[in-house]
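Take a look at the structure below.
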Amino acid sequence: MHVTVDQPKCVASGQCVMLAPEVFDQDDDGVVELLTATPGAEHHEDVRESAAVCPAAAIHLADQ
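If you're matching positions, the sequence shown starts at 1037 in this note's numbering and goes up one per residue.
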């Protein structure tokens, strides 16, 4: 899995950070920061859920 985020689209809801804190963080303004673009398999389910619940659809996933 390869993860990208569209930071300008982020609405700082924090859903991704709550679901996958090993992969996502937030800056001082609440905008998503990607900690790793290639999370381990143990995080794939949480990352998929993060992308699904993101209100701005700012998280994009691609298979490797």
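Note that the Cβ used here is the ideal one computed from N, Cα and C, for glycine as well. On a predicted model such as this, the values are computed, not experimentally measured, just so you know.
Measuring straight from C-alpha to C-alpha, what distance separates S1049 and D1063? Taking the sequence shown and counting its residues from 1, one reaches residue 1049 at position 13. Taking the sequence shown and counting its residues from 1, one reaches residue 1063 at position 27. For S1049 and D1063, the distance between alpha carbons rounds to 12 Å.
Just to confirm before moving on: does the CB-CB distance between Q1043 and V1068 stay below 8 Å? As a position in the sequence shown, residue 1043 is number 7, starting the count at 1. As a position in the sequence shown, residue 1068 is number 32, starting the count at 1. Contact flag set, yes.
Comparing C-alpha positions only, which one of E1085, A1093, L1071 sits nearest to C1046? On the sequence shown, position 10 is the one that residue 1046 refers to. When only C-alpha atoms are compared, the closest one is A1093.
For the beta strand (DSSP E) containing V1053, name the first residue and the last one. If you number the sequence shown from 1, residue 1053 lands on position 17. Element bounds for V1053: not the beta strand (DSSP E) but the alpha helix (DSSP H), 1051-1055.
Between T1097 and V1041, how many whole angstroms is the CB-CB distance? I'm expecting something under 8 Å. By 1-based counting over the sequence shown, the position of residue 1097 is 61. By 1-based counting over the sequence shown, the position of residue 1041 is 5. What sits at residue 1097 in the sequence shown is Leu, not Thr. 10 Å between Cβ atoms; not a contact.
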